[in-house]
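Student:
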Ligand code: WTA
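In the UniProt record's numbering, the protein residues as written are 1 to 646.
#1: According to DSSP, is residue 349 part of a helix, a strand, or is it coil?
#2: Exposed or buried, which one is residue 611 when buried takes at least 16 other CB atoms within 10 Å?
#3: With DSSP as the reference, please indicate the residues paired to residue 184 in a beta bridge.
#4: By alpha-carbon positions, which one of 443, 119, 462, 251 ends up nearest to residue 501?
#5: Which parts of the region 319–376 are runs of the beta strand (DSSP E), unbroken and 3 residues or longer, counting only runs that do not cross its ends?
#6: Just curious, the beta strand (DSSP E) that residue 253 is in, first and last residue?
#7: Would you report the Cα separation of residue 66 and residue 57, rounded to the nearest angstrom?
#8: May I ask you to list the residues that DSSP assigns as paired with residue 554?
#9: Run through DSSP, which three-state label would residue 562 get?
#10: Express the C-alpha separation of residue 607 and residue 515 in angstroms, rounding to a whole number.
#11: My assumption, with CB atoms under 8 angstroms, is that residue 384 sits in contact with residue 511. Please give the rounded CB distance.
#12: Closer than 6 angstroms to a non-hydrogen atom of the ligand WTA - does that hold for the CB of residue 512?
#13: Whose CA, out of 508, 494, 460, lies closest to the CA of residue 428?
#14: Which residue's Cα is closest to the Cα of residue 350: 401, 284, 85?
#15: Given the structure, does residue 265 come close to the ligand WTA, in the sense that its CB is under 6 angstroms from one of the ligand's heavy atoms?
#16: If you draw a straight line from the C-alpha of residue 10 to the C-alpha of residue 526, how long is it?
#17: Given this structure, state the Cα-to-Cα distance separating residue 482 from residue 465, to the nearest angstrom.
#18: Between which two residues does the beta strand (DSSP E) holding residue 158 run?
#19: Under the criterion of a Cβ to heavy atom distance below 6 angstroms, does residue 523 qualify as lining the ligand WTA?
#20: Quick check: the Cα distance between residue 435 and residue 456, rounded to an integer number of angstroms?
#21: Please report the straight-line C-alpha distance between residue 469 and residue 631, rounded to a whole angstrom.
#22: Looking at the structure shown, is residue 120 part of a helix, part of a strand, or coil, going by DSSP?
#23: Under 6 angstroms from any heavy atom of the ligand WTA, does the C-beta of residue 509 make it?
#24: For residue 233, is the classification buried or exposed, using 16 other Cβ atoms within 10 angstroms of its Cβ as the cut-off for buried?
#25: Tell me where the beta strand (DSSP E) around residue 105 begins and ends.
#26: Would you call residue 117 buried or exposed, if buried means 16 or more other Cβ atoms sit within 10 Å of its Cβ?
#27: Taking 6 angstroms as the cut-off, is the CB of residue 383 close to at least one heavy atom of the ligand WTA?
#28: Please name the residue or residues paired with residue 136 in a DSSP beta bridge.
#29: Would the C-beta of residue 242 count as close to the ligand WTA, meaning under 6 angstroms from any of its heavy atoms?
#30: What number of angstroms, rounded off, separates the C-alpha of residue 467 from the C-alpha of residue 49?
#31: Can you tell me the Cα-Cα spacing of residue 638 and residue 496, whole angstroms?
#32: Which first and last residues belong to the alpha helix (DSSP H) in which residue 659 is found?
#33: Under 8 angstroms by Cβ, that's how I've got residue 420 and residue 382 pegged, so tell me the actual separation to the nearest angstrom.
#34: Cutting at 6 angstroms between CB atoms, please list the residues of its own chain near residue 362, excluding the five before and the five after it.
#35: Anyone know if the C-beta pair for residue 78 and residue 317 falls short of 7 angstroms?
#36: According to DSSP, is residue 505 helix, strand or coil?
Structure below.
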C-alpha cells in the first residue's frame with residue numbers, strides 16, 4: 001500500500017500539520033469558550049458578541065446558544081465584506097447540465113447585484129424578516145441568489161430537493177407555512193427535464209391560496225401559468241441592485257431543512273445565523289485546506305445540507321471560488337466530473353462514495369484522459385466509503401498525491417464533526433478518523449448508556465458538548481428535538497450512528513443504529529417509505545429495511561402485505577414502485593419488493609426488524625431468537641421467497 005502519511009511538501013503549505021492539529025484540538029477542548037470566542041471573529045459582526053456559549057443538554061430544558069448577543073448579516077458576510085478586495089473575482093462558476101452550453105463565471109460584484117435583485121423581488125411579494133420561503137429549484141445560480149437574498153432580508157429559507165414529489169413539496173410548504181415558493185420552469189439533469197413548475201402547481205393545490213410562486217426561467221419550456229405565479233425574470237430585469245442587509249441576531253434562524261428521522265414524517269432542522277456561519281466557514285477552510293485563489297468544487301445539490309454548508313455558505317464566507325454543477329456524473333458520459341475538473345482547474349473536489357463507486361465501475365480511461373493536475377484535496381461525504389472505492393479515488397483520481405478527507409457529519413451538525421485533515425493526518429481508507437476542533441466524541445454502550453473508555457471499542461456515537469454549527473431545534477416542535485437527540489443518552493447529543501474506535505483512537509462510522517437508511521448518500525426514513533406504501537389502497541401493511549447495495553451503499557427492501565383478496569403480480573409491483581415515486585420522489589423507490597403474507601411480530605404486535613434485515617441481507621442462518629414471535633412460521637415463508645439471493 002502507498003504511504004498515506006502527509007507529504008512534507010503538502011504539510012508545509014497546509015493550514016495545519018500534525019503537531020498543529022494536536023495542539024489546537026487540545027486547546028479547543030480545554031477551554032471551548034476561549035477557542036470559539038476567538039473563532040467567532042472570523043466573520044464580521046454588526047454588533048460584536050460578548051457571550052460565547054450558553055448551552056444546556058438537560059432533558060426538558062435543552063437550549064443551545066452561541067454568540068447570542070451579537071448581530072450580523074450572513075449575506076453581507078458571504079458577499080459585501082469581500083467587495084473591497086474581490087469584486088471582480090469569480091465567486092461562483094456555474095457549470096450547466098450539458099457540456100455544450102456555456103459555463104458562467106459570476107463575480108462577487110455580480111453575486112451582490114443579483115442577490116439584491118432577488119431580495120427586492122421577494123420584498124415586493126411581501127416577504128419580510130422571519131418569513132419562510134421555500135426553494136424548489138434546479139442547480140442554477142438563482143438558487144444561490146435566493147438563499148443569500150433570504151439571508152440578506154432576514155427571511156428563512158427551506159430548500160426542497162428538486163427530486164422530491166409534489167406531495168413532499170406540499171408538506172414542507174405547509175410545515176413551515178411558507179409565504180412564497182421559488183421554482184423554475186424545468187430542471188435539466190442528465191439530458192432530461194424535470195417539470196418543476198407543474199410539480200409546484202400540483203403541490204400548491206394542497207396549500208393555502210395566499211402562497212405565491214415565483215418562477216425562474218431555466219429552459220424556456222412551455223409551462224402553464226396561474227394567477228399566483230410571478231415571473232422572476234421580468235421582475236429581476238427591473239429590480240434595483242442594492243438592498244440593505246438586515247441586522248439579525250446570531251440566534252435568528254437562517255434556514256430550515258427537512259430531513260428524515262427514524263419515526264414519522266421528516267423534521268425541519270433549524271440552523272441559526274452566527275454560529276452556523278462560523279462553523280461552516282471554519283470547517284471549509286481547514287478540512288479542504290482551502291487557500292485564497294483555489295477553485296473548489298462540491299458536487300452535492302443545494303437541496304441537501306452539504307450544498308448549504310459547502311457550496312454556498314462556507315466557501316462564500318471565505319471569499320472562495322465555488323463551482324456549482326447542474327448535471328450528473330455520468331452525462332453525457334462517465335468522464336463528466338473529470339472534464340469539469342480539467343476545464344475549471346479544480347483544486348478541491350468533494351463528492352459522495354456512491355458516485356465514486358458508480359464511476360469506478362466504468363473504467364479508468366474516463367479519468368485518465370483528463371488533466372487532473374490541479375487537484376490537491378479530495379473529499380467524500382454522506383456514507384461510509386469502502387476501501388476499494390477509496391483506493392480507486394486515491395490512486396486513479398488523486399494519483400496518490402491528494403489527501404482524501406472522509407468527512408462524517410449530519411444535517412443536524414451543520415458542518416464536519418469528524419474528518420482527517422489534509423497535511424496533518426496519516427490516512428486510513430474508510431475511516432473518518434478524528435474529531436474536528438471543539439468536538440468531543442464518546443462511544444457508549446447501547447444498552448447501559450455507559451461511556452466506553454479506551455481504544456479498540458465499539459458502540460453508539462454521541463457528542464459530549466455543543467459546537468456552534470449545531471442545529472437548535474426542530475421547527476415548531478422543540479419537544480421532538482429534545483426527544484430525538486437528548487433523551488436516549490442523558491447529557492449527550494445522540495447522533496443515531498454506531499462507531500468503532502480502533503487501537504489508535506481513530507473513529508470508523510459503522511452506520512445508523514436507528515431506522516434511517518442511507519441510499520446513495522441520501523437519508524431516508526424507513527417509516528416514510530412504509531407510510532407511502534400503506535397509503536396505497538391495495539396494501540395492508542409494510543415493513544421497509546435497508547440491505548447492502550454495490551453502488552448505492554444501501555438499497556430499499558420493502559416487505560408488503562396485501563389487502564385480503566389482492567393478488568401479487570409483477571404489474572402490482574411496478575404500480576407500487578410508481579406510487580412511492582409519486583408520494584415521495586424517485587430516491588425513495590424500493591429496489592426490491594417482497595410479498596409477505598405475514599410479518600414477524602412479537603406477541604405485543606411489534607415488528608421484529610432485526611429478522612427482516614437479516615433476510616434482506618440474505619443472511620438468514622443466524623436469525624437469533626425467534627421464539628418470542630407470535631407466529632414463527634411466517635419467517636420460513638419470508639426466507640423461502642427472499643428477493644436478494646447472492
Ligand atoms: C451518514 C450528510 C460514514 C451517517 C452530511 C450520518 C456518513 C448520515 C458519513 C447523515 C461518512 C455521513 N462516513 N457515514 N463520512 N457522512 N454519513 O443528514 O449515517 O444527509 O448520520 O448528512 O449520513 O446524513 P445527512
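Yeah, the Cβ is synthetic: ideal placement off N, Cα and C, and Gly gets one too.
Tutor: Based on what the coordinates show:
#1: Residue 349: strand per DSSP, three-state reduction.
#2: Burial of residue 611 is indicated by the presence of at least 16 other C-beta atoms within 10 angstroms of its C-beta.
#3: BP columns for residue 184 point to 216.
#4: 443 is the residue among 443, 119, 462, 251 whose C-alpha sits nearest the C-alpha of residue 501.
#5: Taking only runs of at least 3 residues, the beta strand (DSSP E) segments lying wholly in the region 319–376 are 321–325, 348–351.
#6: Per DSSP, residue 253 belongs to the beta strand (DSSP E) from 253–259.
#7: Rounded to the nearest whole angstrom, the C-alpha separation of residue 66 and residue 57 is 14 angstroms.
#8: Beta-bridge partners assigned by DSSP to residue 554: 548.
#9: Three-state DSSP puts residue 562 in a strand.
#10: Rounded to the nearest angstrom, the two C-alpha atoms are 12 angstroms apart.
#11: Residue 384 to residue 511, Cβ: 7 angstroms. Contact.
#12: Correct: residue 512 has its Cβ closer than 6 angstroms to the ligand WTA.
#13: Of 508, 494, 460, the residue nearest in Cα terms is 508.
#14: Among 401, 284, 85, the Cα nearest to that of residue 350 is on 284.
#15: Incorrect: residue 265 has no Cβ contact closer than 6 angstroms to the ligand WTA.
#16: About 43 angstroms.
#17: Looking at the two C-alpha atoms, the distance is approximately 15 angstroms.
#18: It spans 156–159 - the beta strand (DSSP E) in which residue 158 sits, taken as one unbroken run.
#19: Flag set: Cβ of residue 523 near the ligand WTA.
#20: Residue 435 and residue 456 have their C-alpha atoms spaced approximately 17 angstroms apart.
#21: Computed Cα separation, rounded: 48 angstroms.
#22: Helix.
#23: Yes, the beta carbon of residue 509 sits closer than 6 angstroms to at least one heavy atom of the ligand WTA.
#24: Answer is exposed; the Cβ neighbour count stays below 16.
#25: Element bounds for residue 105: 104–107.
#26: That one is buried.
#27: Distances from the CB of residue 383 to the heavy atoms of the ligand WTA include at least one below 6 angstroms.
#28: Beta-bridge partners assigned by DSSP to residue 136: 183.
#29: No, Cβ of residue 242 sits at least 6 angstroms from all heavy atoms of the ligand WTA.
#30: About 16 angstroms.
#31: Straight-line measurement puts the Cα of residue 496 at about 28 angstroms from the Cα of residue 638.
#32: Residue 659 lies beyond the residue range present for the chain, which begins at 1 and ends at 646; the question has no answer from this structure.
#33: Not confirmed; about 16 angstroms, so no contact.
#34: Once the five neighbours on either side are set aside, the close Cβ partners of residue 362 are 334.
#35: Remark: C-beta atoms of residue 78 and residue 317 approach each other more closely than 7 angstroms.
#36: Residue 505: coil per DSSP, three-state reduction.
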